[in-house]
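Enquirer: Before I ask anything, let me first share the structure, which is written out below as structure tokens.
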Amino acid sequence: MRVSSMLQLGLRSAGTILLRKKEPLIGSIILTDRCNLSCRHCAVNNINGRIYPYSQIKSEMQSLYSQGVRILIFYGGEPCLWRDEGRCVRDLVIEAKEMGFLLVNVITNGTLSFDIPEADLILVSMDGERENHNHLRGDTYDSILENITEASASNICIYMAINRINQGDIESVCRLAAGVENVKSVSFNFHTPYPGTEYLKLSVEEKTECCNRIEKLMDDGYPILNLRAAFPYIIHNTYQTPCYQCVVVEDGRQWVCGRCIDIQGLCQECGFFFPAEYSLVFGGNLKAILELGRRYLKHI
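See below:
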């Protein structure tokens, strides 16, 4: 991340914190819910299979920017499947940068070519070592690793959702992140138990043990993007929700924090780390604020 972008984000964030603003700063656009995989732990893919048109995506980008969003994330479904009017997700990243977004990220399953050097961060889903990853996502581990190594920019973050099956693979994923040239960092989430996937949910004791291991890896110098200051709140889901500074847009509809908010009781079991992290940051937690600045400057 450029220092100038970090300074601008810091200033906007400071205003949000000091004035207790609820306007969004981080926005996500779902380009399509179409996906080429059928992962065991996913319940939000291929519901309608639509590729949303470029004109609509551009309008959503403009709307988010006018609302104050400066961190933009593209995902799906699988965003690398998105094509419209001769454009692909890389074109959207370039256009978002030209529009004025300070940080533009893409979340992908990594099975398709994702060489997007203009993105600040490409979060690639790898859910454990080869055996567990392939059990969860199909036989994709080797092709994902090949796409990572063939990318032209070192802007890749391994993105792991920890669940009952792969919880033993945290250290292996960190070693992979540290050993592959194009990988800049690793980021963890816990499984969010969407209907039909509840059997993958971790207990409080398991979450505690996982966070203790992640903290040890941080101490050992592994490039982990998460905030340890948020771990106690993530383990017990005790952070303030919803996080008003985060919004998600899909097909003309906008949610505060995330789409989990529509499913009764799911918000209280959310496994995503970022709502807790940003809830603490924008709530004025000094420890989380300082840690966020350090980790973003180092790993983005």
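Heads up: the sequence shown is residues 7 to 306, going by the numbering used here. C-beta atoms are modelled at their ideal positions from N, C-alpha and C, and glycine is treated no differently.
1. Suppose the cutoff is 6 Å on Cβ atoms and the five residues either side in sequence are ignored; what does the same chain contact list for Ala157 look like?
2. Could you tell me the distance, in whole angstroms, from the CA atom of Gly174 to the CA atom of Thr114?
3. If you draw a straight line from the C-alpha of Ala125 to the C-alpha of Ser160, how long is it?
4. Applying the criterion that 16 or more other CB atoms from any shown protein chain within 10 Å of the CB defines a buried residue, is Pro85 buried or exposed?
5. Any idea if Pro1 is buried or exposed, counting beta-carbon neighbours within 10 angstroms, 16 or more meaning buried?
6. Using DSSP bridges, identify the partner residues of Ile267.
7. Between Asp148 and Gly185, what straight-line distance do the alpha-carbon atoms span, to the nearest angstrom?
8. Within 10 angstroms of the Cβ of His242, are there 16 or more other Cβ atoms? Answer buried if so, exposed if not.
9. Got a sec? Which residues, its chain only, sit under 6 Å from Glu297 by beta carbon, not counting five neighbours each side?
10. What are the boundary residues of the alpha helix (DSSP H) that Gly185 is part of?
11. So which of Cys45, Ile269, Ile295, Lys293 has the shortest CA-CA distance to Asn138?
12. Below 8 Å, can you find three or more Cβ-Cβ pairs linking the segment 272-288 to the segment 50-69?
13. For Glu283, which residues of its own chain have a beta-carbon under 6 Å away from its beta-carbon, when the five flanking residues on both sides are left out?
14. Compare the C-alpha of Ser61 against each of Leu98, Cys263, His305 and name the closest.
15. Could you tell me the boundaries of the alpha helix (DSSP H) in which Ile220 lies?
Expert: Quick look at the numbers:
1. As a first step, residue 157 must be located in the sequence shown, where it is residue number 151. Closer than 6 Å at the Cβ level, and outside the excluded window around Ala157, lie Asp121, Asn188.
2. As a first step, residue 174 must be located in the sequence shown, where it is residue number 168. As a first step, residue 114 must be located in the sequence shown, where it is residue number 108. Distance between the alpha carbons of Gly174 and Thr114 is about 23 Å.
3. The residue given as residue 125 occupies position 119 in the sequence shown. The residue given as residue 160 occupies position 154 in the sequence shown. So the two alpha carbons sit approximately 10 Å from each other.
4. Residue mapping note: residue 85 aligns to position 79 of the sequence shown, counting from 1. Classification of Pro85: buried, given that the 10 Å Cβ count is 16 or more.
5. For residue 1 there is no data in the structure shown, the boundaries of the chain being 7 and 306.
6. Here residue 267 refers to the residue found at position 261 of the sequence shown. Answer is none; Ile267 lacks a bridge partner.
7. The count along the sequence shown starts at 1 and reaches residue 148 at position 142. The count along the sequence shown starts at 1 and reaches residue 185 at position 179. Whole-angstrom Cα-Cα distance: 15 Å.
8. Reading the sequence shown from its first residue, position 236 is the one you call residue 242. Its Cβ having fewer than 16 others within 10 Å, His242 is exposed.
9. Here the question's residue 297 lines up with position 291 in the sequence shown. So the list reads Leu233, Ala235, once near-sequence residues are dropped.
10. Here residue 185 corresponds to residue number 179 of the sequence shown, with the count starting at 1. Its alpha helix (DSSP H) spans residues 176-185.
11. Position 132 of the sequence shown, counted from the start, is the residue given in the question as residue 138. For the residues Cys45, Ile269, Ile295, Lys293, the minimum Cα distance to Asn138 belongs to Cys45.
12. no
13. By 1-based counting over the sequence shown, the position of residue 283 is 277. Only Leu233, Ala236 meet the Cβ criterion.
14. The sequence position of residue 61 within the sequence shown is 55, counting from 1. Minimum Cα distance to Ser61 is reached at Leu98.
15. As a first step, residue 220 must be located in the sequence shown, where it is residue number 214. Unbroken alpha helix (DSSP H) run through Ile220: 210-225.
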